[in-house]
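Peer 1: One structure is given below, represented as structure tokens, and several questions about it will come after.
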Amino acid sequence: MRRLFAVLLVAILGVTGLSSPAQARDKHRVSYDNYSITLDGKRVLLQAAEFHYFRLPSPDLWRDVLEKYRAAGFNAVSIYFNWAYHSPKDGVYDFTGVRDVERLLRTAEEVGLYVIARPGPYINAETTGGGFPAWLKRVPGRARTSAPGYTRAYRDWLNHINPIIARHQVTRGTGSVLLYNVENEYQANTDAQYMEDLQTKAREDGITVPITTNVCCDAGDWASTWGSGQGAVQIPGVDDYPQSFDCANADTVWGPWGEGVTERIRADAPGFAAEYQSGAIDLNDAGYDKCRELTGPAYMKYFHKNNLIESGATAFNYYMGFGGTNWGWLAQPNDVYTSYDYGAAITEARQLTAKYDEFKRQNYFLRALTPLTKTDAVAGPASSNPALLAKTRTNPDTGTQFVLLRHTDRAALTDDSGTLDWATPDGRFAVPVRLIGRDAKVLVAGYDLGGQRLAWSTSEIMTHEAIAGRDVAVLYGTEGTAGATTLRYSSKPRVTVLDGSVSSTFDNGNLTLGYTHRGLARVLITGGGRRPALLLIGTDATAATFWRADTSAGPVLVRGTSLLRSASVSRGLLSLRADTTEATPVELFGQFGRVVVNGRPLSGRATSSGSVVGVLPGPERVTLPALRGWTSRTEGYEAQPGFDDSAWKVADAGLASDDYGFHSGAVWYRGRFTATGTETTIDTNAITGRRGTYLVWLNGRFLGSAAGGVEADAEAPQNPDPGPGHFAVPAGALKPGARAVVSVLVENMGNNDDWTVDDNRFRQPRGLIRASVGDTPVTWRIQGAQGGEDLVDPARGPLNTGGLYGERHGWTLPGRLDWPAANPAVKPGVTWFRTGFTLDLPRKQDTSVVLRFPGTPPAGQRIQLFLNGWNLGHYGGSIGPQTDFVLPAGVLLEHGANTLALAVVADQPGTIAPPELVTAGTQRGGVTVTPVTGR
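Here the sequence shown stands for residues -24 to -1, 1 to 911, numbered as in mature numbering (1 follows the signal peptide of the UniProt record, and there is no 0).
Take a look at the structure:
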């Protein structure tokens, strides 16, 4: 079927009340058919990467990451909108400061990215509660169904987020939102009425772009694909994670979860890889560099390209492009820790990696070769070597062929050569090919490469542009391998080899170039009945040094910078915004006169390639101060029998902290009783999520600690004994008739997700669930974060702090406290350490700073780190392997005084090794960053 669906410019349901300052801009028409999405009749190959604004609490840095997406060739960004991040209390919402998603959507449009908007209500994302606010636990009715209580709650969320998204739709001409995604991985135990209601609500709120959803991951588990019937969406999507999450065995794992070929759910809609693996969570504490290795360039070359040709999909979202930080209590506790680096192409510290280079090579290709937006599977060329397999798609209008060359055995590590018997639109050719190890190539034949006719090539095409009256193309291949390219001409052209070693033959209208992929060869072709062409032929690494951008005077190619953020031409002046990691030569191809880079003129000279070369300066050296002058103070007042807890809430509705509005971090309990003298043990049980703990005192005497339980991945009470603790009452500690106090400090690590509807596991309680002192009656009081759901610090939000005494009394905040010099020794309980430092980092430079703890994370100590009041991480042997903690610019004052506070919760005596400031990377360039303020 090739029915064409259209989403009209004016809201289908007649909603006209939304307005925007940009209302006068042109509206756009979004359509789709079985091949691709179209915008104003032009086919779009959608290439997106996931971005979580809530994992980067510095709005100026949102632009930095999105510009890096755009520079890598992505034309879209996929964004989860996190209900829990915006709503500390039922009916209360915040979209200011670090939650200003209106600003985020404006930035995406300014950068030039379409947006896939994903407001849930459930998002998963390995975030606390899967994006459900913790107060939802108290709302009756099963979540992710059409239950009335849940429906009332989620509709209130959508009442707030949908109008913001609607204001930024391409169909209104006021933004770049292109798709709207309902729910997340909702494929088992489903409620079709709920899915229908979500879409009806979206339309009522002015959403006019196509609606999609994503199902995951094994088709055998799908109760519904949402491709037909009640609740069906227009463009169904599929999630695939073929490389699994076994980061510890990155050197041996290869596709244990299948080929990762995106299933087509509707015959009348394009294939959509709604989440395609581009990283991994660190389930076995191997460290995210191992996750980056697991999903590195070799994986990307094989699986991404294989999926492109095997599935014929034309819409892709890669999860993640940049992971970010689970700052505060943002993490879902059972799978992730503070870092959500995800092994992504851009590190948590916003540095580019080899994966970024591979994305750029593939994305530039997808952008340049527009026939890919409409292809059919056809028989591929036969290979003389059965170890090599060629899969082919062709554009039915242009005849262009795209041949996936891979090993027949996808796990093969061999070096294999052969010949393809390739019947191209321009004739039949015997084409020599070679593949080394886990690699794949997409080769092209029968393609109008600008004003040239490409018959075939064994090099991959990165990009080609019409620049200054010439066709300029970048081709590449594996270092040291032979390559060949055949172009068609009506008469023999002139071939001038400007650099490198390239042979040429002309026969029967075919100009064939032969070469070895090494360095950068430059070939100028003139005559032959076509306009001039410049072929730049290199290796994978050489291709990665090129950047492209569009200007009003045509495209430009830039080689040599570490990043090209933007380019513009006005009256012959080419203005570039670019980053450099060192002083470096730069080469520019384009239609321009003078050049300025980051506002400074570039002195350059012309080359025989028709380019201009010059030299750009690198960054200034960065020297960071040593962290000295530490002060410390021990808290633990709550453990003392005489502590005044009269203002605390009485725990008369059970012990679970959620019932009292305390959802994250530390929660204190104090239980008063009159001793009988027969008490021998204090028995407790707690649910904290994985990596959580709790400590117990009796009349100020420390009795010990226990691990808080995870509980089973289903409704309570599947595991009635999740986090047991049994603490012996010391002999003589309790006298008959004496008043006594049990104090318990529980550190809750966040709330469970809700993977499938029948789990309902996000509702599992946190904190103590049982506590007893023999048969003696105990009266309990509870205290968590100051104010509970009524935030005392709305700027930093509901997930920033818990209920430690120091958190409740401002010890995390900037400024000086009159404390004594620090003693590095700690004893069981809570000890705070504070210091200050002043920075004046080089301006017009992007320096990423991390706080590094020495050695391996210690056992028996759990440290929260606060920078200027912002909770930026959790460190300790029972929490995860992380020792470097990113201090994002904006939260980190790059030109001013900073306050660092560490809260150490210890369950045994020990010493604290002081951390240090180090740079994770520095570049000349970057974006302007302003301070992120709190209360």
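Cβ coordinates follow ideal geometry from the N, Cα and C atoms, glycine included.
Give me the Cα-Cα distance between Met276 and Thr370, rounded to the nearest whole angstrom.
Peer 2: One C-alpha to the other measures close to 22 Å.
Peer 1: By Cβ distance below 6 Å, which residues in the same chain neighbour Gly503 in space, the five residues on each side in sequence not counted?
Peer 2: Taken in chain order, the residues that qualify are Pro469, Arg470.
Peer 1: Might you give, ordered along the chain, the residues of its own chain that have their beta carbon closer than 6 Å to the beta carbon of Ala249, omitting 5 neighbours on each side?
Peer 2: Only Thr238, Ala289, Phe292 meet the Cβ criterion.
Peer 1: Between the alpha carbons of Thr904 and Arg819, how many angstroms are there, rounded?
Peer 2: Each residue's alpha carbon lies about 9 Å from the other.
Peer 1: Who are the Cβ neighbours of Thr462 in its own chain at under 6 Å, not counting the five residues just before and after it?
Peer 2: Excluding residues within five positions, the ones whose Cβ falls inside 6 Å are Ala431, Trp432, Asn486, Thr488.
Peer 1: Just how far apart, CA to CA, sit Asn675 and Gly872?
Peer 2: Between Asn675 and Gly872, the C-alpha separation is close to 44 Å.
Peer 1: Report the CB separation of Gly107 from Trp59 in whole angstroms; it is logged as a contact under 8 Å.
Peer 2: Sure, about 5 Å apart at Cβ, within 8 Å.
Peer 1: So what does Trp398 bridge to, in DSSP terms?
Peer 2: DSSP lists Phe405 as partners of Trp398.
Peer 1: I need the boundaries of the alpha helix (DSSP H) containing Val598, first residue and last residue.
Peer 2: Where Val598 is concerned, there is no enclosing alpha helix (DSSP H), given that its DSSP letter is neither H nor E.
Peer 1: Just tell me which of Asp483, Gly713, Gly845 has its CA closest to the CA of Leu789.
Peer 2: Comparing Cα-Cα distances from Leu789 to each of Asp483, Gly713, Gly845, the minimum goes to Gly845.
Peer 1: Grab the span of the alpha helix (DSSP H) containing Asp40 for me, first residue to last.
Peer 2: From DSSP, the alpha helix (DSSP H) with Asp40 extends over 35 to 47.
Peer 1: Measuring CB to CB, does Val826 end up less than 7 Å from Phe861?
Peer 2: Contact flag set, yes.
Peer 1: Under three-state DSSP, which class holds Tyr126?
Peer 2: Here Tyr126 sits in helix by DSSP.
Peer 1: Tell me which residues share the same chain as Val499 and place their Cβ nearer than 6 Å to its Cβ, disregarding the 5 neighbours each side in the sequence.
Peer 2: These residues qualify, in order along the chain: Val473, Val478, Leu511.
Peer 1: Following the continuous alpha helix (DSSP H) through Tyr781, name the residue where it begins and the one where it ends.
Peer 2: Its alpha helix (DSSP H) spans residues 781 to 784.
Peer 1: Tell me the rounded alpha-carbon separation between Ala(-3) and Ala84.
Peer 2: Legend: pLDDT at Ala(-3) = 38, less than 50; position of this residue unreliable, no value from coordinates given.
Peer 1: Would Val908 and Gly866 qualify as a contact pair, given that the criterion is a beta-carbon distance under 7 Å?
Peer 2: Against a cut-off of 7 Å, the Cβ pair of Gly866 and Val908 comes out as a contact.
Peer 1: Can you tell which of Pro309, Ile437, Val91, Ile285 has its C-alpha closest to the C-alpha of residue 969?
Peer 2: Since the displayed the chain opens at -24 and closes at 911, residue 969 lies outside it and no answer follows.
Peer 1: Using beta-carbon positions only, say whether Gly760 and Phe638 come within less than 7 Å of one another.
Peer 2: Yes, they are a contact pair.
Peer 1: List, from N- to C-terminal side, the alpha helix (DSSP H) runs of 4 residues or more that fit wholly inside the stretch 250 to 299.
Peer 2: Taking only runs of at least 4 residues, the alpha helix (DSSP H) segments lying wholly in the stretch 250 to 299 are 264 to 270, 281 to 287.
Peer 1: For Val908, does the three-state DSSP call read helix, strand or coil?
Peer 2: DSSP places Val908 in coil when its eight states are reduced to three.
Peer 1: Measuring straight from C-alpha to C-alpha, what distance separates Val573 and Pro561?
Peer 2: When rounded, the distance between both Cα atoms is 13 Å.
Peer 1: Quick one: using the 10 Å Cβ neighbour count with 16 as the cut-off for buried, is Asp729 buried or exposed?
Peer 2: Result: buried.
Peer 1: Report all residues from its chain with a CB closer than 8 Å to the CB of Arg82; omit the five preceding and five following residues, and keep chain order.
Peer 2: Excluding positions up to five away in sequence, the list reads His144, Gly151.
Peer 1: When you compare each of Glu436, Arg326, Gly299, Ala321 to Tyr313 by their alpha carbons, which one comes out closest?
Peer 2: It is Gly299 whose Cα lies nearest to the Cα of Tyr313.
Peer 1: Three or more C-beta pairs closer than 8 Å, one from the stretch 115 to 123 and one from the stretch 751 to 766: is that the case here?
Peer 2: Contact between the stretch 115 to 123 and the stretch 751 to 766 is absent, because fewer than three Cβ pairs lie under 8 Å.
Peer 1: Thinking just about the alpha-carbon of each residue, which of Asp794, Arg792, Pro804, Trp808 is nearest to the one in Tyr781?
Peer 2: Cα-wise, what sits closest to Tyr781 is Trp808.
Peer 1: Would you call the CB atoms of Arg541 and Glu43 closer than 7 Å?
Peer 2: Contact flag set, yes.
Peer 1: Taking the straight line between their C-alpha atoms, what separation do you get for Asp36 and Ala716?
Peer 2: About 53 Å.
Peer 1: What would DSSP say about Thr176, mapped onto helix, strand or coil?
Peer 2: If DSSP states are grouped into helix, strand and coil, Thr176 belongs with the helices.
Peer 1: Excluding the 5 residues flanking Gly590 on each side, which residues of the same chain have their C-beta closer than 6 Å to its C-beta?
Peer 2: So the list reads Val562, Leu578, Ser579, Gly580, once near-sequence residues are dropped.
Peer 1: Please check the pair Asn339 and Gly641, which I expect to be a contact at CB under 8 Å, by giving their CB distance rounded to whole angstroms.
Peer 2: So it is not a contact: roughly 40 Å between Cβ atoms.
Peer 1: For Leu174, which residues of its own chain have a beta-carbon under 6 Å away from its beta-carbon, when the five flanking residues on both sides are left out?
Peer 2: Answer for Leu174: Val158, listed in chain order.
Peer 1: Please determine whether the Cβ atom of Val806 lies at a distance below 6 Å from any heavy atom of the ligand FMN.
Peer 2: You won't find the ligand FMN in this model; it holds no ligand whatsoever.
Peer 1: Cα separation between Glu78 and Tyr29?
Peer 2: Distance between the alpha carbons of Glu78 and Tyr29 is about 12 Å.
Peer 1: At 3 residues or longer, and completely inside the stretch 742 to 774: list those beta strand (DSSP E) runs for me, N to C.
Peer 2: Correct list: 743 to 748, 755 to 759.
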